[in-house]
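Single-structure report; data block below.
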Amino acid sequence: MESNPNNRREFLKAGSAALAATAVSWNARSYAQIMGSNDRVGVGIVGCGDRMKGGDLPAFHANAKDMNFQIVAVSDIWSHRRDEGADFIEKLCGNRPDPVRNNDELYSRKDVDAVIIATADFQHAYHGAEAVNAGRDTYVEKPIAHTMADARMIRAAVKKSGKIVQVGTQRRSTPAYQKAAEYIKSGQFGDIVMVEMTWNVNQPGRWRRPDVVLLLKEEDTDWKRYSLGRNMGPFDARKYLEFRLFWPFSSGIPDQWLVHQIDTVHWFTGLPHPRSCVANGGIYLWKDGRTNWDTMTAVFDYGPLDDPSKGFQVQYSSRFTNSAGGVKELYYSNGGMLDMSKQTVSPTGGLTARFAAEMNMKPNLLPSFSLLEKTEAMATDADTHGDPETAANMRNWMECVRSRKTPNAPIDAGYSHSIALCMNVAAIQTGLKVTFDDKTQQVLAGGKVFA
Numbered sequence: 001m002e003s004n005p006n007n008r009r010e011f012l013k014a015g016s017a018a019l020a021a022t023a024v025s026w027n028a029r030s031y032a033q034i035m036g037s038n039d040r041v042g043v044g045i046v047g048c049g050d051r052m053k054g055g056d057l058p059a060f061h062a063n064a065k066d067m068n069f070q071i072v073a074v075s076d077i078w079s080h081r082r083d084e085g086a087d088f089i090e091k092l093c094g095n096r097p098d099p100v101r102n103n104d105e106l107y108s109r110k111d112v113d114a115v116i117i118a119t120a121d122f123q124h125a126y127h128g129a130e131a132v133n134a135g136r137d138t139y140v141e142k143p144i145a146h147t148m149a150d151a152r153m154i155r156a157a158v159k160k161s162g163k164i165v166q167v168g169t170q171r172r173s174t175p176a177y178q179k180a181a182e183y184i185k186s187g188q189f190g191d192i193v194m195v196e197m198t199w200n201v202n203q204p205g206r207w208r209r210p211d212v213v214l215l216l217k218e219e220d221t222d223w224k225r226y227s228l229g230r231n232m233g234p235f236d237a238r239k240y241l242e243f244r245l246f247w248p249f250s251s252g253i254p255d256q257w258l259v260h261q262i263d264t265v266h267w268f269t270g271l272p273h274p275r276s277c278v279a280n281g282g283i284y285l286w287k288d289g290r291t292n293w294d295t296m297t298a299v300f301d302y303g304p305l306d307d308p309s310k311g312f313q314v315q316y317s318s319r320f321t322n323s324a325g326g327v328k329e330l331y332y333s334n335g336g337m338l339d340m341s342k343q344t345v346s347p348t349g350g351l352t353a354r355f356a357a358e359m360n361m362k363p364n365l366l367p368s369f370s371l372l373e374k375t376e377a378m379a380t381d382a383d384t385h386g387d388p389e390t391a392a393n394m395r396n397w398m399e400c401v402r403s404r405k406t407p408n409a410p411i412d413a414g415y416s417h418s419i420a421l422c423m424n425v426a427a428i429q430t431g432l433k434v435t436f437d438d439k440t441q442q443v444l445a446g447g448k449v450f451a
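Sequential numbering from 1 applies to the sequence shown in the UniProt record's numbering.
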């Protein structure tokens with residue numbers, strides 16, 4: 001493929017038009033055209049831990065007044081967290097929601113129209129299905145599920161209910177990622193030949209909560225309800241509050257970080273899931289009782305399910321033990337690279353004239369350009385309490401609750417990232433090459449169903 005010097009100009013022009021058509025902000029006239037748009041939407045909070053207070057609630061607050069949404073109740077089975085959550089919301093939003101002991105009490109209320117769910121990883125599917133079955137529109141944090149049974153269950157519940165569900169994979173509401181998706185789908189980037197993704201930190205305390213663990217007593221919560229009636233062993237304050245470190249409460253790196261990045265692969269390419277996955281890693285340094293790895297490398301094969309001769313590889317690596325490399329998403333074609341950490345397209349690694357001539361080919365070098373103009377980037381960062389991606393995703397959910405349109409991160413996207421996640425979990429736990437059976441919607445490890 002020979003690069004077209006007009007690619008950058010054409011792409012940015014088309015991208016600006018498309019984003020304007022699906023703009024994150026609405027004006028008052030837009031609201032007035034929707035029945036009930038002036039009615040306040042009462043929101044319930046399900047789970048008021050770190051992610052809710054640090055990400056979802058500030059994102060909600062950034063949009064609530066404009067969209068006429070208000071938090072009316074906070075549900076958490078730990079007495080300390082629900083009272084603390086009500087205090088936090090009162091300070092942030094100006095109104096004090098009612099603390100309720102559990103979701104049965106929450107859904108018995110007539111003033112709860114929608115809910116935001118940020119509970120433990122293994123609970124998302126159950127709580128999401130519970131919400132839509134109770135007739136509530138839902139914003140549910142990722143991952144949707146790390147078992148296929150849970151993934152199938154929540155997708156079926158959402159489809160049957162017809163409720164608006166937004167998944168917390170907020171890259172889908174971010175302008176740079178929206179333009180990257182557009183650009184790749186336009187064909188100007190060329191066929192993807194490789195994707196490299198990293199998520200590296202050097203944080204021994206990441207996902208640890210030693211101070212809070214000391215506060216949690218069994219009599220102040222409901223371990224059976226927390227465990228969803230499943231056999232999760234006896235009460236354990238660490239597993240309750242530091243759930244990201246322990247299977248089956250979470251898979252750790254895949255549940256928390258992989259799903260964000262692998263979701264972009266599905267979005268950019270339209271492929272529903274990997275064809276295969278292998279993984280390796282271990283607990284190499286932080287031996288603090290955790291069962292989930294502190295270091296992992298996974299390799300996924302992607303491509304048309306009916307044509308194994310076409311495709312590309314995704315290499316995913318993550319570690320807690322050294323932060324070099326940071327968080328990166330690098331997409332490669334024969335003509336160059338799309339770097340989502342820098343939000344740029346460049347000819348890096350593309351086919352040069354010297355090596356093309358050896359095979360009587362033409363050089364293939366992409367033009368260099370930024371996915372976002374400076375003014376767009378500045379606008380994206382404005383008034384979002386430090387997390388513009390989550391604020392944009394939350395606003396899109398609010399808009400769709402009113403318009404009844406499909407949100408940017410719908411349940412099908414969550415189902416796809418759950419397949420990749422479940423394949424990764426199976427590869428970790430078996431050490432085998434893992435595939436997916438589209439007919440049965442089951443993960444296969446070494447050709448056998450992985451439960």
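Heads up, the beta-carbon is just placed ideally off N, CA and C, and yes, glycines get one too. Remember, predicted model here, so these are calculated numbers, not experimental data.
DSSP state of residue i mapped onto helix, strand, coil
{"i": "M296", "result": "strand"}
{"i": "N334", "result": "coil"}
{"i": "Q178", "result": "helix"}
{"i": "K328", "result": "strand"}
{"i": "Y284", "result": "coil"}
{"i": "F122", "result": "helix"}
{"i": "S418", "result": "helix"}
{"i": "N424", "result": "helix"}
{"i": "L245", "result": "helix"}
{"i": "F320", "result": "coil"}
{"i": "L216", "result": "coil"}
{"i": "L92", "result": "helix"}
{"i": "L351", "result": "strand"}
{"i": "residue 469", "result": "Because the chain is modelled from 1 through 451, residue 469 falls outside the range shown and cannot be assessed."}
{"i": "N393", "result": "helix"}
{"i": "residue 463", "result": "Residue 463 lies beyond the residue range present for the chain, which begins at 1 and ends at 451; the question has no answer from this structure."}
{"i": "E130", "result": "helix"}
{"i": "I144", "result": "coil"}
{"i": "H273", "result": "coil"}
{"i": "D236", "result": "coil"}
Supposed close pair residue i, residue j - CB separation, criterion 8 Å
{"i": "N292", "j": "N200", "result": "With 8 Å as the limit, N292 and N200 do not qualify as a contact, their Cβ atoms being about 16 Å apart."}
{"i": "D387", "j": "G135", "result": "The pair is not a contact, with the Cβ atoms about 29 Å apart (cut-off 8 Å)."}
{"i": "I144", "j": "Y415", "result": "7 Å"}
{"i": "F172", "j": "N360", "result": "The identity of residue 172 in the sequence shown is Arg, whereas the question assumes Phe. Actually they are not in contact, since the Cβ atoms of R172 and N360 sit about 42 Å apart, beyond 8 Å."}
{"i": "S318", "j": "Q343", "result": "Actually they are not in contact, since the Cβ atoms of S318 and Q343 sit about 21 Å apart, beyond 8 Å."}
{"i": "Y284", "j": "T297", "result": "Incorrect: roughly 12 Å between the Cβ atoms, too far for contact."}
{"i": "V401", "j": "A118", "result": "Not a contact, Cβ separation roughly 17 Å."}
One or two residues paired with residue i in a DSSP bridge
{"i": "L444", "result": "T435 and V449"}
{"i": "Q315", "result": "E196 and V299"}
{"i": "V278", "result": "V299"}
{"i": "A73", "result": "G44 and D98"}
{"i": "Q166", "result": "Y139"}
{"i": "residue 461", "result": "Residue numbering for the chain in the displayed model covers 1 to 451; residue 461 lies beyond these limits and cannot be assessed."}
{"i": "Q114", "result": "According to the sequence shown, residue 114 is Ala rather than Gln. Answer is V43 and D137, bridged to A114."}
{"i": "E346", "result": "For the sequence presented, residue 346 should be read as Ser rather than Glu. Its beta-bridge partners are M337."}
{"i": "F369", "result": "V345"}
{"i": "N202", "result": "T321"}
{"i": "N364", "result": "L351"}
Cut-off 7 Å between Cβ atoms - residues of its own chain near residue i, not counting five sequence neighbours on either side
{"i": "V132", "result": "T138, A157, V158, S161, K163 and V165"}
{"i": "M153", "result": "A125 and A129"}
{"i": "M398", "result": "N63, M67 and F69"}
{"i": "Q123", "result": "L228"}
{"i": "V443", "result": "M148, C422, M423, A426, V434, F436 and F450"}
{"i": "Q203", "result": "F320"}
{"i": "A181", "result": "W267 and F268"}
{"i": "K448", "result": "none"}
{"i": "R109", "result": "A73"}
{"i": "T174", "result": "E389 and A392"}
{"i": "K239", "result": "F246 and F249"}
Minimum Cβ-Cβ distance from residue i to chain D less than 8 Å
{"i": "Y177", "result": "You won't find chain D in this structure, because it holds only one protein chain."}
Neighbourhood of residue i by C-beta, 6 Å cutoff - its chain only, sequence neighbours within 5 removed
{"i": "H61", "result": "L92 and C93"}
{"i": "D111", "result": "G42 and V72"}
{"i": "T221", "result": "I77 and W78"}
{"i": "S341", "result": "K328"}
{"i": "I116", "result": "I45, D56 and Y139"}
Proximal residues to residue i (C-beta, below 8 Å), its chain only, five neighbours per side dropped
{"i": "V74", "result": "G44, I45, C48, R82, G85, A86, I89, P97, D98, P99 and V100"}
{"i": "T352", "result": "P363 and L365"}
{"i": "R244", "result": "D121, W207, S250, G252, D255, Q256 and N292"}
{"i": "A356", "result": "K362, P363 and N364"}
{"i": "D39", "result": "N68"}
{"i": "N102", "result": "S75, I77, D222 and R225"}
Contact between the segment 264-276 and the segment 295-306 (3+ Cβ pairs under 8 Å): yes
The segment 323-334 / the segment 187-205 touching (three or more Cβ pairs under 8 Å): yes
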